[in-house]
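K.L.:
For reference, the structure I am asking about is given below.
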Amino acid sequence: MQFTIVTLFPEFFDSALGCGLMAKASESGLVSFAFKNPREHTTDRHHTVDDRPYGGGPGMVMMADPLAKTLGSIQASSGKPGRILMMAPKGRPFTQAMARELAQEESVTIICGRYEGFDARLEELFSIEPVSIGDYVLNGGETAALSVIEATSRLVPGYMGHEDSGEEESFSAGLLEYPHYTRPDVYEGLAVPDVLKSGDHKRIAEWRREQALKITLHSRPDILQEAPLSSNDLEILKKEDRNRVGRNLFCALVHYPVVNKEKKSVAVSLTNLDIHDIGRCSCTYGLGGYYISTPIEDQRRMLDELLRHWVTGPGTAANPDRGEALQIIRGVGYIEDAVRDISERTGQKPLLVATSAKGAGNMSVADLRQLLAERPVLLLFGTAHGLAPQVLEECDGILRPVRYLDGYNHLSVRTAAAIIIDRILGDAL
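In the working numbering, the protein residues as written are 8 to 436.
As structure tokens, this is what we get:
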């Protein structure tokens, strides 16, 4: 397999590509490397490859002409630059699946950027695939290119020596790898699991699969979405207690103070569907609690009667699943009562986070998820036409609307609650 690397610093690759398995693969001809420096295709005595950006701004931009001539020279000399990759933050995330794709190619060209990036016209002149290895900033594309080269090369037949080695590793089967142990049997009081010393290959394989599932669930649950899972795998995953973050999330359906069409602060009546549907959603996602807030006494009495019917009354026998879901609900007069109750139950005062269908918000779902790892959060959902301004002012943050880029953003509160809770606690996160 041929890698052609377009870089201003070809010497950057000397050590990494000249040692270990990569060196052996290169010596045997399994992989080969060619380096093209855009400075060789400049015409001025300074070999200039960058210039100031049009429109102003900090830094410099790599010029289109030296890069275009470099890519043209690759086509002229070999006739097959293969897939052309550009290491760039905007690119497709590099994954094990993409490494497998690239390993099937005869040749791949990788462009390593420097400075503030590339003249955008380069992508209009050539078929270039932007690729990113992560959401962080590097000095240039060389380090990222090394990651792509190594992950791809080791999938070339013969590279690993033992053909099964590549398929036994993290991500190869859609999961993180199971833990490994070697001699001695006991180190610093820590023993190798007995199953690995049993000689029972079936039990060992089952243990390794179980460990890989658990590690993936706790460390990278997002990749489980694409992993091939059996019914037995699902049973293993369901038994794992991974819901500490979920138990830190509480929600409240606020009926006062909310605003009406005229933007006046009002109190509104409870809705049976909101009680049931948000309760079932809260139970499904393992929330710490679901509060229904109304200062109107007859509304709270109605709520109490409804809950008694389903949780301890005749409804329990008719539909025990509904009773299990609704027992998570607590009626309160005001938001402050819910805050007080959560403080008593958890020993920490919860952060208040509002939801709204208006504005841009000042908190992302990722921000909220990070907060949940440390402390309880009470998520407020407004009825009528949304939470009153005085409620929003008291909150520690406001989530961005569900469909903030679309003109129509008028979901029912129970629909919005389901979507938002899934975004915060969904299995892929």
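For each residue, glycine too, the CB sits at the ideal point set by N, CA and C.
(1) Is it right to say residue 185 is buried, meaning 16 or more other beta carbons lie within 10 angstroms of its own, or is it exposed?
(2) Just tell me which of 292, 131, 109 and 113 has its CA closest to the CA of residue 154.
(3) Please identify the residue among 118, 282 and 294 whose C-alpha is closest to the C-alpha of residue 329.
(4) Does the stretch 69 to 76 come close enough to the stretch 108 to 125 that 3 or more CB-CB pairs lie under 8 Å?
(5) List the residues that DSSP assigns as beta-bridge partners of residue 9.
(6) Please name the residue or residues paired with residue 92 in a DSSP beta bridge.
(7) State the DSSP-derived secondary structure class of residue 275, mapped to helix, strand or coil.
(8) Give me the residue from 222, 252, 353 and 391 with the minimum Cα distance to residue 274.
(9) How many whole angstroms separate the CB atoms of residue 91 and residue 74, which I take to be in contact at a CB cut-off of 8 Å?
(10) I'd like to confirm the pairing. Which residues does DSSP put opposite residue 257 in its beta bridges?
(11) What does the alpha-carbon distance come out to for the pair residue 272 and residue 265?
(12) Kindly give me the distance between the Cβ atoms of residue 279 and residue 382, rounded to whole angstroms, as I take these residues to be in contact under 8 Å.
(13) Ignoring anything shorter than 4 residues or poking outside the stretch 364 to 408, list the alpha helix (DSSP H) runs there in chain order.
(14) May I ask which residues mark the beginning and end of the beta strand (DSSP E) holding residue 337?
(15) Express the C-alpha separation of residue 55 and residue 15 in angstroms, rounding to a whole number.
(16) Do three or more CB pairs link the stretch 418 to 433 to the stretch 370 to 388 at distances below 8 Å?
(17) Would the stretch 139 to 148 and the stretch 179 to 198 be scored as touching if the rule is three or more Cβ pairs under 8 Å?
(18) In angstroms with no decimal places, state the Cα-to-Cα distance between residue 259 and residue 292.
P.N.:
To lay it out plainly:
(1) buried
(2) 109
(3) 282
(4) yes
(5) 39 and 114
(6) 117 and 136
(7) coil
(8) 391
(9) Between residue 74 and residue 91 the Cβ distance is about 11 Å, and since that is not below 8 Å, they are no contact.
(10) 296 and 385
(11) 5 Å
(12) Actually they do not touch by this definition, with Cβ atoms about 33 Å apart.
(13) 372 to 379 and 396 to 401
(14) 336 to 339
(15) 11 Å
(16) yes
(17) no
(18) 15 Å
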